[in-house]
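Single-structure report; data block below.
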Amino acid sequence: MSTSDEHRTDKGMDMEPRWSQGAHACFLVLQTARTWWRYCNASPTRGVRRFASFAWHALRSPQSQLSWLDELDSDASTRLAVAHDPTLLERWHRPFGARGLQRPERQKLLQDHLRFVTNRFPQRLREKVLKGHDLRLASIPLRNGDLAYLHVRKPIESTTGEMALFLLDHEKHVLATCALTLHVDGALIGELRGAWAFMGADAVREFTRESHGNRPKDLLLHVVRALGRHYGWSSLRVASAAAQVTNHHRSPALYDGYWQSHGAVLGEDGCFRLSCQEHRRPDAALPSRRRGARRRKHQFRDDVSRQVMRSFIWAGPDTEGAATARQGNIDTSVAAWLPGLPATAGAR
903 MSTSDEHRTD KGMDMEPRWS QGAHACFLVL QTARTWWRYC NASPTRGVRR FASFAWHALR
963 SPQSQLSWLD ELDSDASTRL AVAHDPTLLE RWHRPFGARG LQRPERQKLL QDHLRFVTNR
1023 FPQRLREKVL KGHDLRLASI PLRNGDLAYL HVRKPIESTT GEMALFLLDH EKHVLATCAL
1083 TLHVDGALIG ELRGAWAFMG ADAVREFTRE SHGNRPKDLL LHVVRALGRH YGWSSLRVAS
1143 AAAQVTNHHR SPALYDGYWQ SHGAVLGEDG CFRLSCQEHR RPDAALPSRR RGARRRKHQF
1203 RDDVSRQVMR SFIWAGPDTE GAATARQGNI DTSVAAWLPG LPATAGAR
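Structure follows, in C-alpha cells:
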C-alpha cells in the first residue's frame, strides 16, 4: 500500500470505494499530462512526443505507474521536485544509476532517495536539492590565496544519479564531480568524473599542489565517505565501468583500478562495495621529513569535510531558535567522526 493510501485509511476506513480510486487515478494522469505540457511548452511537438513516450511506458506497467504517481503526489516536497523536473515521472522506466537494475529496483531507488532527502536534509538544503538548484557547500582557501568551491546540484547526466557534488576551481571550472543517489542504508555512486577535458592536466596538478597534495577526485571521495559516516552508513555502492549507464571512460580498467586502490571490492552485481571508514597509515610509520606534509594534507581534507557537513547536519523538527542554539556544538559533533581528529578540534 502506498503512503497516500495509508493516509486515507487513518480515520478508520478500510479502503476507498473503487470509483474513488479510479477518479484519483484519472486525476493523477491528467495532472501528469499538464505537467509534461508545461515542461515542453516551448515546443508542443516535443511535448506531445515526450508524453507519448511516457504513456507507452506507463501502459506497460499501469499498476506500478499509478503507485509511483501516487507516491509523488503524496507529499509537498515530492510535488516540488516533480514541478522542477517532470522527468521524475518516468525516470525509473529507463536505465538509471547502474546497469542491471530492473524497473522495480530503479523505482525503489528513486523512492528511497526522495524520502531520504525529505526526511533527513535541513530545509534549505532539501529545497535546493529537490529543485535541482545549485548550492555552495564550502569555500576552500588554497595555499596561493585562491578559493576553490564545493557545490551540490543536479548531475551532468541525469541517468547517473539524483544529486551530485562538484569541486570547482577559482574560475568555477569543474575539477571533479560525483553523482549520488541516497537511501537509508547507503548511497549509490553512479559516476566519479575528473576535470573537464579542455582544462587539461595542469589545472589538476595546480589544485593538488595548492591543496597540500589532495587530488580533486580523492578530496570528493573523502567528503562522500565522511557523509556516509555522518549518516551511519557502513559502505557505499559504486557502479563499475561496465555497470555505468553512461560510460565516458577511455580506459575502464583504470577507472575500476581507482576504486580498487581505495579498498573497494567488486560484487556479483557489477558494482563495487566501498567502506565508509578510511584507513590511514600511522604517521609514525613515515619518515620524519614527510610527517608534517601528511598532517597538513589530512588537515586540509578534514577542514573541507567540516565545512560541508555544516550544510547536512539536521537540527531536528524543532524551532529555528533551538537549532541556532546548537550551532556552537556543530564543529564538535563533526569532529567526532573525522578520522584521526580529536573531538575538541572543532571547538571554538
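With the sequence shown counted from 1, adding 902 to any position gets you the working numbering. All C-beta atoms in this analysis are idealised placements derived from N, C-alpha and C, irrespective of residue type, glycine included.
Kindly indicate which three-state DSSP category A1050 falls into: helix, strand or coil?
Your numbering for residue 1050 matches position 148 in the sequence shown. A1050 falls in the strand class under three-state DSSP.
For the structure I just gave you, are there three or more beta carbon pairs, one from the segment 963–977 and one from the segment 1006–1024, closer than 8 Å?
yes
Per-residue DSSP class, three states only, for V1140:
Indexing the sequence shown from 1 puts residue 1140 at position 238. Residue state, collapsed to three classes: strand.
Between the C-alpha atoms of F953 and R1055, what's the straight-line distance to the nearest angstrom?
Here residue 953 refers to the residue found at position 51 when the sequence shown is read from its first residue. Here residue 1055 refers to the residue found at position 153 when the sequence shown is read from its first residue. About 26 Å.
Going by alpha carbons, who is nearest to P1154 out of Q1162, A1144, T1148, S1163?
Start at 1 with the first residue of the sequence shown, and residue 1154 comes out as number 252. The option with the nearest alpha carbon to P1154 is A1144.
Using only CA atoms, which one of T1148, L1168, V1210 lies nearest to I1058?
As a first step, residue 1058 is located in the sequence shown; it is residue number 156 there, counting from the start. It is T1148 whose Cα lies nearest to the Cα of I1058.
Quick check: the segment 1081–1098 against the segment 1017–1026, are at least 3 beta-carbon pairs closer than 8 Å?
yes
So, for T1062: in the same chain, excluding its five sequence neighbours on each side, which residues have a beta-carbon less than 7 Å away from its beta-carbon?
Numbered from its first residue, the sequence shown carries residue 1062 at position 160. Excluding residues within five positions, the ones whose Cβ falls inside 7 Å are A1081, G1092, E1093, V1147, T1148.
Indicate the three-state DSSP secondary structure (helix, strand or coil) for H1181 in the structure shown.
Sequence index remark: in the sequence shown, residue 1181 carries index 279 (1-based). DSSP places H1181 in coil when its eight states are reduced to three.
Measure the Cβ-Cβ separation of L1070 and L1052 and say whether it is below 9 Å.
Along the sequence shown, read from residue 1 onward, the residue named residue 1070 stands at position 168. Along the sequence shown, read from residue 1 onward, the residue named residue 1052 stands at position 150. The answer is yes: Cβ separation under 9 Å.
Kindly indicate which residue of L1049, R951, D1036, L1123 has the alpha-carbon position closest to the one of A1078.
Translated into positions along the sequence shown, residue 1078 becomes position 176. Of L1049, R951, D1036, L1123, the residue nearest in Cα terms is L1123.
Spell out the partners DSSP gives E1093 in its beta bridges.
Mapped onto the sequence shown, residue 1093 falls at position 191. The partner list for E1093 (beta bridge, DSSP) reads A1081.
According to DSSP, is L1032 helix, strand or coil?
As a position in the sequence shown, residue 1032 is number 130, starting the count at 1. L1032: helix per DSSP, three-state reduction.
Please report the residue range of the beta strand (DSSP E) in which F1214 lies.
Along the sequence shown, read from residue 1 onward, the residue named residue 1214 stands at position 312. From DSSP, F1214 is part of no beta strand (DSSP E) but of the alpha helix (DSSP H) over 1190–1214.
Here's the rule: buried if 16 or more other CB atoms are within 10 angstroms of the residue's CB, otherwise exposed. What is H1075?
As a first step, residue 1075 must be located in the sequence shown, where it is residue number 173. Classification for H1075: exposed.
Measure the beta-carbon distance from V1125 to S1213 and round it to whole angstroms, keeping in mind my assumption that it falls under 8 Å.
Taking the first residue of the sequence shown as 1, we reach residue 1125 at position 223. Taking the first residue of the sequence shown as 1, we reach residue 1213 at position 311. Going by Cβ atoms, the distance from V1125 to S1213 rounds to 11 Å, so no, they are not a contact pair.
Verify whether the separation of the beta carbon atoms of A1141 and G1172 is less than 9 Å.
Here residue 1141 corresponds to residue number 239 of the sequence shown, with the count starting at 1. Here residue 1172 corresponds to residue number 270 of the sequence shown, with the count starting at 1. Contact flag set, yes.
According to DSSP, is K991 part of a helix, a strand, or is it coil?
Counting from one through the sequence shown, the residue named residue 991 turns up at place 89. Note that residue 991 is Leu in the sequence shown here, rather than Lys. If DSSP states are grouped into helix, strand and coil, L991 belongs with the helices.
Rounded to the nearest angstrom, how far is the Cβ of D1178 from that of S1113, given a contact under 8 Å?
Counted from its first residue, the sequence shown places residue 1178 at position 276. Counted from its first residue, the sequence shown places residue 1113 at position 211. Sequence inspection shows Cys at residue 1178; the Asp mentioned does not correspond to that position. Not a contact, Cβ separation roughly 22 Å.
Measure the alpha-carbon distance for E992 versus V950 and round it to whole angstroms.
The count along the sequence shown starts at 1 and reaches residue 992 at position 90. The count along the sequence shown starts at 1 and reaches residue 950 at position 48. When rounded, the distance between both Cα atoms is 15 Å.
Based on DSSP bridge pairs, tell me the residues matched to M1065.
Translated into the one-based positions of the sequence shown, residue 1065 becomes position 163. According to DSSP, which records beta bridges pairwise, M1065 is partnered with L1082.
Is the separation between the beta-carbon of R1139 and that of F1174 shorter than 9 Å?
Position 237 of the sequence shown, counted from the start, is the residue given in the question as residue 1139. Position 272 of the sequence shown, counted from the start, is the residue given in the question as residue 1174. Contact: yes.
Simplified DSSP state of A1225, which is helix, strand or coil
Along the sequence shown, read from residue 1 onward, the residue named residue 1225 stands at position 323. In this prediction, A1225 has a pLDDT of 40, which is less than 50 and means its spatial position is unreliable; what the coordinates show is noted afterwards. It is helical.
Please give the ranges of any alpha helix (DSSP H) in the segment 959–1017, keeping only runs that are unbroken, at least 4 residues long and fully inside the region.
964–975, 978–986
Got a sec? Which residues, its chain only, sit under 6 Å from L1037 by beta carbon, not counting five neighbours each side?
Along the sequence shown, one-based indexing puts residue 1037 at 135. K1030, V1054.
Closest Cα partner of Q1201 within the set R1026, L1121, L968
Numbered from 1 along the sequence shown, position 299 holds the residue referred to as residue 1201. Ranking R1026, L1121, L968 by Cα distance to Q1201 puts L1121 first.
What first and last residue would you give for the alpha helix (DSSP H) that runs through P1024?
Locating residue 1024 in the sequence shown gives position 122, counting from the first residue. First-last for P1024: undefined, no H or E at that position.
Per DSSP, V1076 forms a beta bridge with which residues?
Locating residue 1076 in the sequence shown gives position 174, where the first residue counts as 1. BP columns for V1076 point to L1070.
Output the distance between the C-alpha atoms of R962 and R1045, rounded to the nearest integer angstrom.
Translated into positions along the sequence shown, residue 962 becomes position 60. Translated into positions along the sequence shown, residue 1045 becomes position 143. If you take the alpha carbons of R962 and R1045, they lie about 57 Å apart.
Let me know the secondary structure DSSP gives R1107 once reduced to three states.
Here residue 1107 corresponds to residue number 205 of the sequence shown, with the count starting at 1. Helix at R1107.
Neighbourhood of D977 by C-beta, 7 Å cutoff - its chain only, sequence neighbours within 5 removed:
Indexing the sequence shown from 1 puts residue 977 at position 75. These residues qualify, in order along the chain: T1020.
Within its chain, find whatever has a CB closer than 8 Å to the CB of A1066; leave out the 5 residues flanking it on each side and keep chain order.
Residue mapping note: residue 1066 aligns to position 164 of the sequence shown, counting from 1. Hits under 8 Å: V1054, R1055, K1056, P1057, I1058, T1079, C1080, A1081, L1082.
Let's see if you can read the secondary structure: which residues bound the beta strand (DSSP E) around A1251?
Limits of the chain in this structure are 903 at one end and 1250 at the other, which puts residue 1251 out of reach.
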